[in-house]
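There are 2 protein chains.
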Amino acid sequence: MKGADVTRNEDAFSPSDAVLAALRKIIRSIELNSRSLVKRVGLTGPQLIILKEVSRMNGSSIGEVARTISLSQATVTGIVERLEKRNLLLRRRSDVDRRKVMVEITQEGETLVRDAPPLMQEAFVDRFSRLPEWEQSMVLSALQLLVQLMDAKSLSESSGLMEEDGDIPVVL
Amino acid sequence: MKGADVTRNEDAFSPSDAVLAALRKIIRSIELNSRSLVKRVGLTGPQLIILKEVSRMNGSSIGEVARTISLSQATVTGIVERLEKRNLLLRRRSDVDRRKVMVEITQEGETLVRDAPPLMQEAFVDRFSRLPEWEQSMVLSALQLLVQLMDAKSLSESSGLMEEDGDIPVVL
DNA sequence: CTATATAGTTTGAGTTCTAAATAAAGTCAA
DNA sequence: TTGACTTTATTTAGAACTCAAACTATATAG
Numbered sequence: 001m002k003g004a005d006v007t008r009n010e011d012a013f014s015p016s017d018a019v020l021a022a023l024r025k026i027i028r029s030i031e032l033n034s035r036s037l038v039k040r041v042g043l044t045g046p047q048l049i050i051l052k053e054v055s056r057m058n059g060s061s062i063g064e065v066a067r068t069i070s071l072s073q074a075t076v077t078g079i080v081e082r083l084e085k086r087n088l089l090l091r092r093r094s095d096v097d098r099r100k101v102m103v104e105i106t107q108e109g110e111t112l113v114r115d116a117p118p119l120m121q122e123a124f125v126d127r128f129s130r131l132p133e134w135e136q137s138m139v140l141s142a143l144q145l146l147v148q149l150m151d152a153k154s155l156s157e158s159s160g161l162m163e164e165d166g167d168i169p170v171v172l
Numbered sequence: 001m002k003g004a005d006v007t008r009n010e011d012a013f014s015p016s017d018a019v020l021a022a023l024r025k026i027i028r029s030i031e032l033n034s035r036s037l038v039k040r041v042g043l044t045g046p047q048l049i050i051l052k053e054v055s056r057m058n059g060s061s062i063g064e065v066a067r068t069i070s071l072s073q074a075t076v077t078g079i080v081e082r083l084e085k086r087n088l089l090l091r092r093r094s095d096v097d098r099r100k101v102m103v104e105i106t107q108e109g110e111t112l113v114r115d116a117p118p119l120m121q122e123a124f125v126d127r128f129s130r131l132p133e134w135e136q137s138m139v140l141s142a143l144q145l146l147v148q149l150m151d152a153k154s155l156s157e158s159s160g161l162m163e164e165d166g167d168i169p170v171v172l
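Sequence order for the protein chains is X and D.
For the record, in the first sequence the residue sitting at position 25 is 25 according to the numbering used here, with numbers rising by one throughout.
For the record, in the second sequence the residue sitting at position 84 is 84 according to the numbering used here, with numbers rising by one throughout.
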């Protein structure tokens, strides 16, 4: 019998669903933070992250930057392009390896970084640093555990259990 | 003298930097999983999330869905539009309040949801569920703490914590 | 009936990914 | 050495997602 009431509330809420829900909120927070940065600094979160990274390791290649901050090269290329248009940094092919494109920060970019807009979540950093140490450790451990669980795909996993369609590219 | 030392490895790596780095990796993982979903199911992560949500609470409004999954209405509108084009769900204005748009899943959508893989990587769900309970709890607690710290924008100021839908179904 | 509030949609800007196209270097063999 | 292949890095093109702000339509006051 299909009940008259519409509310199909699901009590069954698995722990991993809760994890996903929490992650979603966190991701959204970061997103919103980025938006607010645009108003305060004129740069989005990713742009500022890259600019800071370039400032720290001046003269590194696009690929290095991408690896450092966990973004694809294509993504970094796009952001760097926008930053270059604003004269915050400039690109130049490497002398030693002409395949590489080195990125250097400009005076203007350096100034902007120095006036150091509160890095993305400076407010968060502040609160976080005030937590008792055990709590900081717990959070960090939990996150790293998650990273492992998600990453693991490429680490282990060699079982021969999966037949199904042979369309499983798996690992490499 | 400039060349010489290249490796400017980050010695100064504060806990909160590590947190951000880990989050970035997690976000990327989720992003990549979404891409792989497209190939396997034909839907992206967000699309599948919404479709599942609609399946669970059939006949809810766009706004309700948006709130439930922590996305803006505008975003949900766009995704729902794409899903409607694929005949996986359909929109209909509410009879009681013509401002509202109710979303209903179609037979086709229901079928797809039934056959769809979990939102997170299957392997992740699997591994996570195998963790000892205390570890699952720790991860969840840590994430919820992060949510608070990031959200804190609203509770740091005034002690009174507003509504903001205290919808945290802890479990465990 | 006007004024305000709410629900959804549209628009504009930015980020993100993959896949395919380029380009430069490195490797290997004749 | 030279030519063919392979590897590595960057760029381009295309599709989604994301949000805020502006806009439309409806609802609820006063």
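Yeah, the Cβ is synthetic: ideal placement off N, Cα and C, and Gly gets one too.
What are the boundary residues of the beta strand (DSSP E) that includes MET102 (chain D)? 101-105 is the extent of the beta strand (DSSP E) around MET102 (chain D).
Within the continuous alpha helix (DSSP H) that includes LEU51 (chain D), where are the two ends? Element bounds for LEU51 (chain D): 45-56.
In chain order, what residues of the region 27-44 of chain X put their CB closer than 8 Å to some CB of chain D? So the list reads ILE27, ARG28, SER29, ILE30 and ASN33, given in the order they occur along the chain.
Below 7 Å between beta carbons is the criterion; list the residues of the region 95-124 of chain D that meet it against any residue of chain X, in chain order. Answer in chain order: LEU119, MET120, GLN121, ALA123 and PHE124.
Whose Cβ in chain X lies nearer than 7 Å to the Cβ of SER61 (chain D)? For SER61 (chain D), none of the residues of chain X pass the 7 Å Cβ criterion, the least Cβ distance being about 11 Å.
Quickly, what does DSSP pair SER60 (chain X) with across the bridge? List them, please. Its beta-bridge partners are X:VAL103.
Pairwise C-alpha distance: GLU84 (chain D) and THR44 (chain X): Straight through space, the alpha carbons of GLU84 (chain D) and THR44 (chain X) are spaced by roughly 32 Å.
Look at the alpha carbon of PRO46 (chain D) and the alpha carbon of ARG67 (chain D), and state the distance between them as a whole number of angstroms. For PRO46 (chain D) and ARG67 (chain D), the distance between alpha carbons rounds to 14 Å.
If you measure between the beta carbons of ILE105 (chain D) and ASN33 (chain D), is that distance less than 8 Å? In this structure, ASN33 (chain D) does not lie closer than 8 Å to ILE105 (chain D) by Cβ.
Helix, strand or coil for LEU89 (chain D), going by three-state DSSP, please let me know. Reduced to three states, the DSSP call for LEU89 (chain D) is strand.
Does any residue of chain X have a CB that is nearer than 8 Å to the CB of GLU64 (chain D)? It does not; no Cβ of chain X falls within 8 Å.
Please report the distance separating the alpha-carbon of SER14 (chain D) from that of LEU48 (chain X). Taking the CA atoms as reference points, SER14 (chain D) sits about 18 Å from LEU48 (chain X).
Which one of D:SER29, D:ASP17 and D:SER16 has the shortest CA to CA distance from VAL147 (chain X)? The candidate whose alpha carbon is nearest that of VAL147 (chain X) is D:SER29.
What three-state label does DSSP hand GLN121 (chain D) in the structure shown? Note: GLN121 (chain D) maps to coil in three-state DSSP.
With PRO132 (chain X) as the anchor, note down where its alpha helix (DSSP H) starts and where it stops. Run containing PRO132 (chain X): none; DSSP gives neither H nor E here.
Shortest alpha-carbon distance to SER55 (chain D) belongs to which of D:SER94, D:ARG82, D:GLU31 and D:THR111? The candidate whose alpha carbon is nearest that of SER55 (chain D) is D:THR111.
Is any beta-carbon of chain X found at less than 8 Å from that of GLN47 (chain D)? At a cut-off of 8 Å, the C-beta of GLN47 (chain D) has no neighbouring C-beta in chain X.
Within 8 Å, strictly: CB atoms of ASN87 (chain D) and GLU108 (chain D): Their beta carbons are under 8 Å apart, which means ASN87 (chain D) touches GLU108 (chain D) by this criterion.
Where the alpha helix (DSSP H) through VAL38 (chain D) begins and ends: Annotation for VAL38 (chain D): the continuous alpha helix (DSSP H) segment containing it runs 15-41.
Tell me, please, whether the CB atom of VAL54 (chain X) is closer than 8 Å to any CB atom in chain D? Closer than 8 Å: no.
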